[in-house]
Every structure is written in structure tokens, then in C-alpha cells.
Amino acid sequence: MANIGSVRQRTSLGGSSLDEARRRLVFPLDYASLDEARAAAARVAPSIGVLKVGLELFVREGPAAIEIGRELGLDVFLDLKLHDIPQTVGRAVASAAALGVRYLTVHAGGGAEMLKRAAQEAARSQGLILLAVTVLTSLDDGDLAAQGVQGSASEHVLRLARLARSAGIHGFVASPHEVPALRQALGQGELLVTPGIRPGADEGGARGDDQKRIATPSAAISAGADLLVVGRPIRDAADPLAAARAIVQEIAHTLHPAS
Ligand code: C5P
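Here the working numbering is used: the first residue of the sequence shown is 4, the next is one more, and so on.
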């Protein structure tokens with residue numbers, strides 16, 4: 004099993020203030036075609052650290068989408084949110100590792116055996132970091148109750164994160180709201196990734212879209228998040244590079260208030 008400190012250290016989040024902030028920003032390539040994704044990625048590349056390839060693009064374009072990261076010299080986060088029987092997920096993790104991606108998501112709700120098999124395959128790879136998706140930020144307590152889950156979303160996030168960690172996974176996806184409790188429960192060495200980021204959310208000026216558990220970049224960083232996934236606030240901005248740059252500046256200022 005990987006040493007607990009190593010996963011967070013391996014992401015090399017240090018560096019100058021703006022560079023460190025940039026490396027914490029993950030931009031999802033939520034586009035329908037390779038051409039659109041490549042053009043968008045090239046536009047924002049100076050202000051982001053990681054490109055996330057998700058279901059929309061991967062289902063249509065496959066591994067070619069991952070090449071965009073290589074072309075731009077950026078890490079790729081393959082967000083397939085795997086959830087299947089242990090053998091199938093283990094083999095899919097091995098396939099993803101062979102593509103050279105840096106991060107890959109699996110659903111923590113897939114159970115201990117599935118998570119263990121995924122962790123074993125990742126450990127055989129060259130540097131693949133698994134991220135266990137806890138409770139999607141599009142779900143709230145009411146949605147979980149409707150699924151028969153007892154307790155709050157926050158409690159369920161912690162339950163699932165502990166399960167994933169026991170299986171040997173050291174990266175977690177959750178909303179910024181759960182980050183302080185995750186840090187406390189899991190310690191400093193784990194990598195915490197937060198979607199549901201909305202600049203201006205605390206001023207009531209931001210749309211959550213389908214996200215229900217949202218926070219600003221600054222609040223997520225203050226809470227202890229490592230990587231921030233920001234999609235629509237950049238993708239749908241009139242000037243996506245300027246939007247990404249503003250988020251990087253907000254992150255840098257939160258990390259180093261004097262800078
Ligand atoms: O910032 P925005 O809401 O547009 O981000 C959406 C992106 O974040 C999508 O790519 C979605 O798959 C991803 N996401 C995630 N985990 C969640 C919620 C959203 O990876 N819990």
C-alpha cells in the first residue's frame with residue numbers, strides 16, 4: 004500500500020504562489036468533440052494545472068482526448084467514476100493506467116472489494132493516483148434519504164472515504180463543505196479534490212447549475228482542499244482564460260494572503 008503522505012506529496016503542489024495556485028486548478032473538458040475540447044484547452048492552458056476528461060468526451064472520442072493533455076504538457080484526470088464488479092473495475096483501472104493518465108476516479112460506493120482491486124491495479128502502475136468519489140455534489144441530504152441512506156450527506160461522505168482508505172485509496176472527491184471533516188478524519192497526507200466550485204457563491208451571485216453543495220475557490224482552499232474542479236464558470240465565461248486567471252489569483256491570495 005502507498006505511504007499515506009506520498010499521494011499528496013506526489014502531486015507537487017509547491018512552487019511560486021501563482022504557479023502553485025495554477026497547479027491546483029482542474030478544468031473539465033466537458034465538450035462534445037475533440038476539436039472543441041482541444042481549442043478550449045489550448046485557450047485556458049496558461050492558467051490551469053490539470054485537464055479533466057470526463058464521460059461526455061471520452062465516450063465519444065476515447066483515448067484521443069487524453070492526448071490533448073500530452074500536447075499541452077498538462078496532467079490528465081480521467082473522470083470515468085468507475086462502479087462495477089471488482090474484476091471489471093480492476094481491469095478498467097489497468098487500461099486507464101496504460102493510457103498514462105495521472106488521476107482516475109472510482110465510486111467509493113462500489114464497495115470494499117471493488118476499491119481494493121482498483122487500488123491494487125493502481126499500485127502496479129507508474130504513478131496513477133486513484134480518487135474515490137464519495138457523494139456527488141449534485142446530491143443533498145434529501146436525495147440520499149430518497150435512496151435509503153441514513154444520516155446527512157456529510158456523514159455519508161466520511162463513511163465512504165473511510166471505506167476507500169481502508170481499501171488503499173488516498174485521494175477523495177467531495178464537496179468543499181466536507182473537506183474540514185475529511186482532513187480531520189483522514190489526516191494531512193490525503194489528496195482532497197473538490198468540484199462544486201462557484202466564484203462569488205458567498206455573495207449570492209453565482210448559479211449552482213445542477214450542483215447543490217457549492218463554495219467559492221477561496222472557501223474550498225481555506226477548508227483544506229488540494230485540487231479544485233471548475234467547469235462551467237470557466238467554460239461558459241465570455242473570456243474563459245480571464246475567468247481561469249481570476250480563479251488562480253483567488254487561490255493564490257488565499258494560500259498566501261500577503262502575496
Ligand atoms: O464546475 P462544474 O459544475 O461545471 O463542474 C462539472 C464537472 O465536475 C463535471 O465534469 C462533473 O463530472 C464534475 N463533477 C465531479 N464530481 C462531482 C460533481 C461534478 O467530478 N461530485
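C-beta: ideal position from N, C-alpha, C; glycine also.
Between the beta-carbon of valine 53 and that of isoleucine 69 there is about 12 Å, and that puts the pair past the 8 Å contact cut. For the ligand C5P, a non-hydrogen atom lies closer than 6 Å to the CB of leucine 139. Residue burial is scored here from C-beta neighbours: glycine 190 has fewer than 16 other C-beta atoms within 10 angstroms and is therefore classed as exposed. Remark: the shortest separation between the CB of glycine 57 and any heavy atom of the ligand C5P falls under 6 Å. Positions of the beta strand (DSSP E) runs, each at least 3 residues long and wholly inside the segment 114-163, are given as 132-136 in order along the chain. Placement of the Cβ of aspartate 33 at a distance of less than 6 Å from at least one heavy atom of the ligand C5P is found. In this structure, the straight-line span from the alpha carbon of serine 50 to that of aspartate 242 is close to 12 Å. In this structure, valine 233 has its CB closer than 6 Å to one or more heavy atoms of the ligand C5P. As the crow flies, the alpha-carbon of alanine 204 is around 7 Å from that of isoleucine 217.
Rounded to the nearest whole angstrom, the CA to CA distance from arginine 41 to proline 179 is 29 Å. Residue burial annotation: alanine 45 is exposed, with fewer than 16 other C-beta atoms found within 10 angstroms of its C-beta.
Assigned with DSSP and collapsed to three states, isoleucine 217 falls in coil, not helix or strand. As a beta-bridge residue in DSSP terms, histidine 110 pairs with Val136. In this structure, Arg25 is the residue among Arg25, Ala126, Asp82, Ser20 with its C-alpha nearest to the C-alpha of alanine 246. Of the other Cβ atoms in all chains shown, 16 or more fall within 10 Å of the Cβ of glutamate 181; this residue is therefore buried.
With contacts defined by Cβ atoms closer than 7 Å, threonine 137 and alanine 164 form a contacting pair. Judged by DSSP secondary structure, proline 31 falls within the beta strand (DSSP E) whose first and last residues are 28-31. Contact between leucine 195 and alanine 184 fails: their C-beta atoms lie close to 11 Å from each other, not under 8 Å. For glycine 199, the secondary structure class from DSSP, reduced to helix, strand or coil, is coil. Judged by DSSP secondary structure, aspartate 38 falls within the alpha helix (DSSP H) whose first and last residues are 37-47.
Distance from the CA atom of alanine 126 to the CA atom of arginine 63, rounded to whole angstroms, is 29 Å. According to DSSP, aspartate 78 shares a beta bridge with Val53. Between serine 155 and aspartate 146, the C-beta gap is not smaller than 7 Å, which leaves the two residues out of contact.
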